[in-house]
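Heads up: the structure comes next, in structure tokens.
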Amino acid sequence: MSFQYLQLEQRDQVATVWINRAEMHNAFNTQVIEELHRCFSELNTRDDVRVVILAGRGKSFSAGADLNWMKEAGQASQAENEADALKLAKMLQSLATLKQPTIARVQGIAFGGGMGLASACDICVASSDAKFATSEVRLGLAPSTISPYVIRAIGARQASRYFLTAERISAEQALHIGLAHVVAEAEQLDEKVTEIVDALLLGGPEAQTASKQLIQMVDQQVLTEALLLQTAQHIAHVRQGSEAKNGLNAFLNKHSPVWIKTTA
Numbered sequence: 007m008s009f010q011y012l013q014l015e016q017r018d019q020v021a022t023v024w025i026n027r028a029e030m031h032n033a034f035n036t037q038v039i040e041e042l043h044r045c046f047s048e049l050n051t052r053d054d055v056r057v058v059i060l061a062g063r064g065k066s067f068s069a070g071a072d073l074n075w076m077k078e079a080g081q082a083s084q085a086e087n088e089a090d091a092l093k094l095a096k097m098l099q100s101l102a103t104l105k106q107p108t109i110a111r112v113q114g115i116a117f118g119g120g121m122g123l124a125s126a127c128d129i130c131v132a133s134s135d136a137k138f139a140t141s142e143v144r145l146g147l148a149p150s151t152i153s154p155y156v157i158r159a160i161g162a163r164q165a166s167r168y169f170l171t172a173e174r175i176s177a178e179q180a181l182h183i184g185l186a187h188v189v190a191e192a193e194q195l196d197e198k199v200t201e202i203v204d205a206l207l208l209g210g211p212e213a214q215t216a217s218k219q220l221i222q223m224v225d226q227q228v229l230t231e232a233l234l235l236q237t238a239q240h241i242a243h244v245r246q247g248s249e250a251k252n253g254l255n256a257f258l259n260k261h262s263p264v265w266i267k268t269t270a
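In the numbering used here, the protein residues as written are 7 to 270.
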């Protein structure tokens, strides 16, 4: 497989998918989303891969959606927005439903869709400098397509706080609320990931796939096609609103959005 924004490495039975857009903090646009979807779909057919690690090159795991791409989406029609958002929803689903165990290797920032990627993985190993956030409301948006995975990871009660406040979540807080499973110092991050990989390789691959399916079956919110479409329609509607357009424009032009009152 060849990619522009990804690097796929395989060592023995372990595949590492690197998002390789470091200069943009691994923010994703349509092409990154399509490449991730294609990569995950291919890995799902591979019996020679037992574990998949998702990582980001450079200082950050992923800043989520490229804001210039989001601004363009805000000018698109409802139908175009739904199709666009559904691509992201399908990509996240392809990650969440991989037959292999998945590990998010998180350093630096994991904001918005980046937090969604980490939540869609089975296990999250975070560097002590990692920071997470569902930052969408500060842009006049909602974390629609990532919501099934984030709520599954941290629960509805914690999601109420972080979806509504967009507060940054430290690595230790992420550990406390169940978003991260392990926190390590930066220089020990790969060592901790390797420890998890070694533990996973002791399990039977078919049993692990069955266990993943069991979790999805028993979990309260099954990822149906209807749910994916519902989340895509939700963000498409929000993106087209005046608040979203004002919020994105304010962020890109470094001024306060209209809902923040400033004193003279």
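Backbone N, C-alpha and C define an ideal beta-carbon position, used for all residues, glycine too. Here the structure is a predicted model, which means the values were calculated and not measured.
{"Check": "From which residue to which residue does the beta strand (DSSP E) around residue 138 run?", "Outcome": "137-139"}
{"Check": "Could you check where the alpha helix (DSSP H) with residue 183 kicks off and where it finishes?", "Outcome": "177-183"}
{"Check": "Which stretch, first to last residue, makes up the beta strand (DSSP E) that contains residue 15?", "Outcome": "12-17"}
{"Check": "Sort out for me which residues DSSP pairs residue 133 with in a bridge.", "Outcome": "190"}
{"Check": "Measure the C-alpha to C-alpha separation of residue 218 and residue 185 and round it to an integer number of angstroms.", "Outcome": "17 angstroms"}
{"Check": "Could you please give me the residues that DSSP links to residue 22 through a beta bridge?", "Outcome": "15, 59"}
{"Check": "Is it buried or exposed, residue 74, if we count other Cβ atoms within 10 angstroms and call 16 or more buried?", "Outcome": "exposed"}
{"Check": "Touching or not, the region 18-29 and the region 75-93, by the rule of three or more beta carbon pairs under 8 angstroms?", "Outcome": "no"}
{"Check": "Spatial neighbours of residue 245 within its chain, please: C-beta separation below 7 angstroms, excluding the five flanking residues on both sides.", "Outcome": "79, 80, 87, 147"}
{"Check": "Quick check on the DSSP output: the alpha helix (DSSP H) that includes residue 82 runs from which residue to which?", "Outcome": "Unbroken run through residue 82: none, as it is neither H nor E."}
{"Check": "Whose CA, out of 34, 50, 120, 51, lies closest to the CA of residue 72?", "Outcome": "34"}
{"Check": "How far does the alpha helix (DSSP H) with residue 9 in it extend, from its first residue to its last?", "Outcome": "Note, residue 9: premise wrong, no alpha helix (DSSP H); not H, not E."}
{"Check": "How far does the alpha helix (DSSP H) with residue 38 in it extend, from its first residue to its last?", "Outcome": "36-49"}
{"Check": "With residue 156 and residue 130 assumed to form a contact (beta carbons below 8 angstroms), what rounded beta-carbon distance in angstroms separates them?", "Outcome": "With 8 angstroms as the limit, residue 156 and residue 130 do not qualify as a contact, their Cβ atoms being about 11 angstroms apart."}
{"Check": "So is residue 51 buried or exposed if we call it buried at 16+ other beta carbons inside 10 Å?", "Outcome": "exposed"}
{"Check": "Which term fits residue 31, buried or exposed, when burial requires 16 or more other beta carbons within 10 angstroms of its beta carbon?", "Outcome": "buried"}
{"Check": "Measuring alpha carbon to alpha carbon, tell me which of 93, 125, 204, 212 ends up nearest residue 181.", "Outcome": "125"}
{"Check": "Would DSSP call residue 111 helix, strand or coil?", "Outcome": "strand"}
{"Check": "Which one or two residues does DSSP pair with residue 117 in a beta bridge?", "Outcome": "139"}
{"Check": "When you compare the CB positions of residue 250 and residue 91, do they come within less than 7 angstroms of one another, or not?", "Outcome": "no"}
{"Check": "Suppose the cutoff is 7 angstroms on Cβ atoms and the five residues either side in sequence are ignored; what does the same chain contact list for residue 257 look like?", "Outcome": "73, 145"}
{"Check": "Run through DSSP, which three-state label would residue 71 get?", "Outcome": "strand"}
{"Check": "In angstroms, rounded to a whole number, what distance separates the CA positions of residue 167 and residue 41?", "Outcome": "32 angstroms"}
{"Check": "Let's see if you can read the secondary structure: which residues bound the alpha helix (DSSP H) around residue 197?", "Outcome": "195-206"}
{"Check": "Leaving out five residues on either side along the sequence, give the residues of the same chain with a beta carbon under 7 angstroms from the beta carbon of residue 189.", "Outcome": "132, 134, 177, 178, 181"}
{"Check": "For residue 247, is the classification buried or exposed, using 16 other Cβ atoms within 10 angstroms of its Cβ as the cut-off for buried?", "Outcome": "exposed"}
{"Check": "Excluding the five sequence neighbours on either side, which residues of its own chain have a C-beta within less than 6 angstroms of the C-beta of residue 187, listed in chain order?", "Outcome": "129, 130"}
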